Each structure stands twice: as C-alpha cells, then as structure tokens.
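J.:
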Amino acid sequence: MPANDPLISLQNVSRIFRSGEEQVRVLDGVTLSVRQGEMIAIVGPSGSGKSTLMNLLGGLDIPDSGEICIAGIDTTRASHEHLAALRSSHIGFIFQRYHLMPYLTAAENVAVPAQYTAMRENVQRQRAAYLLAHLGLEDRMTHKPSQLSGGQQQRVSIARALMNGASVILADEPTGALDAQSGQEMMAILHGLHQSGHTIILVTHDRDVASQAERIIEISDGKITADLPNRHVQPASGPVVLLPAANTGRSSWRESFHDAVKMAWRALNGHRIRALLSMLGIIIGVASVITSMAVGEGAKQKIIRDISALGTSTLSIHPGLGWDNPRPDFGNALSDEDVRLLSELPYVANISPVFNRIMEAQVEGRQMFINITGVNARYFAVRDLSLEAGRKFNEHDVETREPVLLVDAATANTLFHNDKNPTGKSLYFNNVPFRLVGITASKGLKIAGGGLNAWMAYTALQERLTGSMPVAAIEVQVAKGMSLKEAQRHIEYVLDKAHGRRDFFIETDSMMLETIQKTSDSLTLLIAAIAGISLIVGGVGVMNIMLVSVAERTHEIGIRLAVGARAADIMRQFLIESMVVCLFGCAIGVVVTFVAGTFFSLLTTQFEMVFTPLPILYSCGFSALIGLGFGYFPARFAARMKPTEALARE
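Residue numbers (the working numbering): 501 to 1150.
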C-alpha cells in the first residue's frame, strides 16, 4: 500500500438490515477515509449506525453496496479467509463489555488471538505476560475475569487487541462501563498507543471522550453529518512503547491441530459438568462393548480348556453324514465289527464303542433320569478319565456283563448327597440293581450331553436293560506320533472300503474346537454389536450436548472470529472438542470396565472376564469416529456463524 494512500477507505457504503418484510437502512452512502496514525472519534446517538460502521471498519461485516478497502484489501470482494487474516494481523478490538472468556485466565484471554497464528506457544506466553505487565496487571495474570474489576478487564481487552501487533485499534465505547477514574486511565492508555504510532478509532456517544481525539466524525441516521479536525486536543499520556509482535502469519496444519486440542481441552475443563454429561453415554457404551467381549472371550477360553482336558488325540466316528445331515437310514451304519477292524490298526492306541440311552433310575427311594453310556473298559483311557474313588470296570466286567457302573463326581453328589463315599451303593434300572464301583473326577465338561451321567459295560447295558442297540459312536485314541488328520484319512479309507459307501462322519477335538471358536466369536460379535448400539446412542447424546454448547458459547465464537479465527478454525475446535469428549469418555469407560472386571473376579470363580487389546482398540477407534461424525453438524453450525450476530448475543 503506497504511503500516501489511506489505511482505511469507504466509498458510498450502505448497509441494510431486514426485519421481516421491512428493510432498515442503517448506513446510507457513507464515504470516509482513515490514515495511518490518526486518532478518530465517531460520535452519534444510539441507533445512528456507529456500531455498524465499526463492524465494517473492522472487517466483521460487509456492506450491501459501496466499497471498503482496509490495508490494501477490498473487503467487499475478499473471502472469509482473507477477512479473518485481516482481523488477525491488522485490527484489534476493544469492546465496551470486554468480551473476555470466563473460563480463561487474564493471560490466556490475551493469548487467544495468537492461537490462530504461527506464534510459538512459549512466545505467546511471554508476550501476553509482557503486555499485561505494561498495562499494570502483572499480579493479575492468573486471575479469571470474575476476579478482576471492570477497569482491569478492559485492560486485559486492550492487551488482547495488541497481542498480534495490530496497527488499528477499534474501541467501542471504551469508557462506557467504567467509573470516572478507570475511564481516565483507559483514555490515557489509548493516547499512549496513539502516540506510539497506532491508529485509534473510538466509537462513542460521550462528547467528553470524543473531544480527546484529533478528528471527530459525527453520524446520524446512517449518514456522516460532520467530519472535523479537533485542534484543541491535548495528549493525556506519553507513548506506550511495545515490542513488535512475532510472526503472526497463519500456522501450519500440525500447529493448528495442537492449538485446537489445547483450546478444546481448556473449553471442556471450563465446563466440566456439561463435558461429563456428554461423556456419560460413551462411557456406558464402551463399558458395554468391552465387558460383553471380555465375558465372551472368557467363556470361550474356558470351553476350550475343558475340551482340551478331554484329550487332543481322540476322534469320534458317528453314523450319518454330519450333524446337519444325520440320515436316519444310516442309523445302523456302525457295528461291533467296525470296532474290531479298527482296533487292529497300528496307530489306534485305544478304542471303544459307545451306546447311549436315557433311563429312569431308582436311588434310595427317589426316581431320576440318568444319561447312561455303554462302553468297554478302554473307554476311560480314550477319554483320559481319572478316578476320585473306587475303580473302573475291566475287561472281565465287560465279558461277564457285570451289573456295575461309574458316575461322575457331580452325579454322585446329586444321587448320594449325604454320603462322602457312596461306592458299593446300588442303583436300580427297570428294577435291575447295578452296583456303583467308581466315581470319575470332574474335568470341566460333563460327558454325554450334560445332566446326570453314568457309564456301564455296553454288554451289561444290552443284556440286562435294553437289548440289541445300534452303535451310537466309536471313540478312538490315536497313538503318539500319528497326526489326527492322517489318522482320520486312514480310518475313512478303511471304513469306506468295509462299508462300500460313505455312511459315517468323523469328528475330532480340533474340529470341535474350531467350531466352538467360530460360534463363540460370532456370538461375541453379535453381543458386541448389540452393545455397540449404546455407543451410537452415546454419540447422539454428544451431538445434542455439543449443539447446546454451541448455543451457549455463541458469544465466545464471536470473540474468536473477531480476533482472527477462521471458520475452519472454529469448526476444527468444535470437532476436536467432540472427539476429545468421546476419547476421554472411552478412556474412562475402559478404566471402569477393568475395575468392574477386577471386582467381579473377587465375587466368583465360576467364569472369568478375559480382556484383550482388540476390543479396546475398536472401542477407541469407534469412539473417535462417533466424535467426528456426530460432532460435524454442531461444528459446522458454529463455523457458519457471522461475527456480528455472534457478538451481539451475551
């Protein structure tokens, strides 16, 4: 901009406001120029258009017609980005009601304009302290606005206006809210700034204040009625010599993000109750997701341990073509001859046929149903079942069809709960007595489908109780050194050849484990998805609270826009606030879940909660996405506010 050109120039500027169908011409054809270093007072009664003119001079508003040029920038054609840069680097505002953010200290309020520039954080703190010290507030830097007097708050407002080294100071009724003494001190500071080279534009209705300017512009009904020099003005103070501001260009994206995170944290810390309410839904949602997946993982691991305890080198042969295709016509596919044929294979360590029947038993005058499994003496080696008491039946018992049986520990406790060692007691099936000879140790899973379980020689079962029965399964223990898959392949070949067709299927422990893992994973994901709905609900809560926050902080948004924030800065801040709420809520939810899991483990040992990193990572990632997604609309709403309208709302 050439040296002789005015710093601010208005040509035939008009501004019209609409109220319903009515149009109010607040400014009408205003032409005005301001040169560098002038001290100007704009006076006029209320409603004359003073504040509207100040907003236009400060780049907070644009006219409906005419041209405005500020520091070489045509504001009528400039983008919002350029207007924000203009306010950030050239213009400082001193508002009548101070417009300080109540949750920030004096030093933090002063530093707000620099947060939207490339000024380093340590330099921001140093310059804020420097400005406050020069304005007599060295001992009030850590005080919040509510702890300062009106005059002190106005000085903080002046320091904020000077933070970025603004050459133009726009003061709206600078003494309007001050007592006489504070008003005189305020004018002395403004005179000092003027003498140090700043351009001062006062907007006031007080003639005494206006008389201290070197040029007085009178406005009435939106038109300038007088523009006269004041030759009788006497400077009331010496120059205020200030260090020039550091680089006030725009910061990089990374620095902007860091500043936005810091501002978001300060804003949330200043409204703790609202922030906690925002987090509550996320805390509940995260805790629900992690808990459900931890319970699912714990149940899955317990089942896997129980199955593994049954032996990992066994396979079961069943009639039919699979559990999903049982084929009733293949019900007699397996036979004693298959047992004999397979027992001759070198890699079969132990083998037993399995016959199943549920029968009513009479025990000490009581009747109850028991799952009876007919097996041979080698079955217990196949399933690696050990004893708590008594003995297993042997080959002699099988050959002679002895009426003896074994039960598991849980069944023994149910049948003979008053007897610590019930071996030798009798159970009656169809009035046929069977003597209890042994009790197997529990290995976590009940055999033969749960309930009450008993084992007897399959020969005794058929001879004394049921008659001829089809073989329900053949249990095979594979010798060491032979893989289950290889043994399965050989057995399938032998039985296919013997039967002349495929009328059986083989199930191994590894297959069972894979099936259980898949089923458990599916159920866990289903439960987690259902629990995840609470996260979505929490996100809706965050959006509602953020909308309330935007509405409550409209005035703050106006302040930030006035000191140089761009729409993108406002949007970034509220988006980050939303994400910080969600991520902090996620962190609290994780802690709550771990505490609840620890407390739960002290109450019961029947099953456990197993925490894994993946659900926690998923919860945190999903929480961030919720913050981003549900925070977008409130952030966009805040970013589209006009500075003048936002500042007008207290």
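Heads up, the beta-carbon is just placed ideally off N, CA and C, and yes, glycines get one too. Remember, it's a predicted structure, so these values are computed and weren't measured experimentally.
Quick check on this structure: which residue in L1128, D897 and T911 has the alpha carbon closest to the alpha carbon of M1071?
T.: L1128
J.: For the ligand ATP, is there a heavy atom less than 7 Å away from the beta-carbon of R883?
T.: Because no ligand of any kind appears in the structure shown, any question about the ligand ATP cannot be addressed here.
J.: Considering Cα atoms alone, identify which of K723, E718, I724 and G722 is closest to N730.
T.: Taking each of K723, E718, I724 and G722 in turn and checking the Cα distance to N730, the smallest one comes out for E718.
J.: Taking 6 Å as the limit between beta carbons, can you name the residues of its chain near H599, skipping five residues before and five after?
T.: Result list for H599: I1059, in chain order.
J.: So, with DSSP's three-state summary, where would you put I453?
T.: Residue numbering for the chain in the displayed model covers 501 to 1150; residue 453 lies beyond these limits and cannot be assessed.
J.: List the whole-angstrom C-beta distance separating L556 from P545, where the pair is believed to meet the contact cut-off of C-beta under 8 Å.
T.: Not a contact, Cβ separation roughly 19 Å.
J.: Hey, G938 and G890 are a contact pair by Cβ (cut 8 Å); roughly how many whole angstroms apart?
T.: 3 Å
J.: Measure the C-alpha to C-alpha separation of V668 and A1062 and round it to an integer number of angstroms.
T.: 13 Å
J.: What are the start and end residues of the alpha helix (DSSP H) that includes T911?
T.: A909 to L915
J.: Identify whether S968 lies in helix, strand or coil by the three-state DSSP scheme.
T.: coil
J.: Alpha carbon to alpha carbon, how far is A1139 from T1054? Give it in angstroms, no decimals.
T.: Cα to Cα, the separation comes out at about 10 Å.
J.: Quick one: using the 10 Å Cβ neighbour count with 16 as the cut-off for buried, is I1033 buried or exposed?
T.: Label assigned to I1033: exposed.
J.: Would you kindly report the start and end of the unbroken alpha helix (DSSP H) that includes K997?
T.: L984 to H999
J.: Between the alpha carbons of A671 and A710, how many angstroms are there, rounded?
T.: 12 Å
J.: Please specify which runs of the beta strand (DSSP E), each continuous and at least 3 residues long, are wholly inside the segment 622–679, giving them in chain order.
T.: 668–672
J.: What is the DSSP secondary structure of Y603, counted as helix, strand or coil?
T.: coil
J.: Excluding the five sequence neighbours on either side, which residues of its own chain have a C-beta within less than 6 Å of the C-beta of I947, listed in chain order?
T.: Reliability fails at I947, whose pLDDT of 44 lies under 50, so the model's placement of it is uncertain and the value that follows must be treated cautiously. Within the same chain, I947 has close Cβ partners N953.
J.: Taking all protein chains shown into account, do 16 or more other C-beta atoms lie within 10 angstroms of the C-beta of V524, making it buried, or fewer, making it exposed?
T.: exposed
J.: Do A659 and L693 have their C-beta atoms closer together than 8 Å?
T.: no
J.: When burial is assigned at 16 or more other CB atoms within 10 Å of the CB, is Y993 buried or exposed?
T.: exposed
J.: Contact check, L450 vs P819 under 8 Å by CB: the rounded distance?
T.: Residue coverage of the chain in this structure runs from 501 to 1150, which leaves residue 450 outside it and unanswerable.
J.: Quick one: any contact between the segment 695–703 and the segment 525–542, if contact means 3 or more CB pairs under 8 Å?
T.: Segments in contact, yes.
J.: Taking the C-alpha atoms as reference points, what is the distance between L604 and S657?
T.: 13 Å
J.: Do G1064 and P613 have their CB atoms nearer than 8 Å?
T.: yes
J.: Determine the closest residue to R878 out of R989, R935, I974 and A760, with distance taken between C-alpha atoms.
T.: I974
J.: For E522, which beta-bridge partners are listed by DSSP?
T.: Beta-bridge pairing by DSSP links E522 to S519.
J.: Measuring CB atoms only, is the segment 1083–1097 touching the segment 781–790, in the sense that at least three cross pairs come out at less than 8 Å?
T.: yes
J.: Count the other CB atoms within 10 Å of the CB of D505; is the residue buried (16 or more) or exposed (fewer)?
T.: exposed
J.: Within 8 Å, do at least three Cβ pairs link the segment 642–651 to the segment 672–690?
T.: yes
J.: Check whether the segment 895–914 touches the segment 846–855, counting contact only when three or more Cβ pairs, one atom from each stretch, lie closer than 8 Å.
T.: These segments do not touch.
J.: For N921, which residues from the same chain have a beta carbon less than 6 Å from its beta carbon, with the 5 sequence-adjacent residues on both sides left out?
T.: A889
J.: In chain order, what residues of the same chain lie with their CB nearer than 6 Å to the CB of L690, ignoring the 5 residues before and after it?
T.: I700
J.: So which of G865, E860 and R935 has the shortest CA-CA distance to I872?
T.: E860
J.: Is it true that the CB of L1035 sits closer than 8 Å to the CB of I475?
T.: Outside the displayed range of the chain (501 to 1150) lies residue 475, so it cannot be described from this structure.
J.: Just to confirm, is the Cβ distance from G1134 to M1046 under 8 Å?
T.: Residue identity differs from the one stated: residue 1134 is Pro in this sequence, not Gly. Yes, the Cβ-Cβ distance between P1134 and M1046 is below 8 Å.
J.: Could you tell me which residues DSSP puts in a beta bridge with R935?
T.: Answer is V904 and S926.
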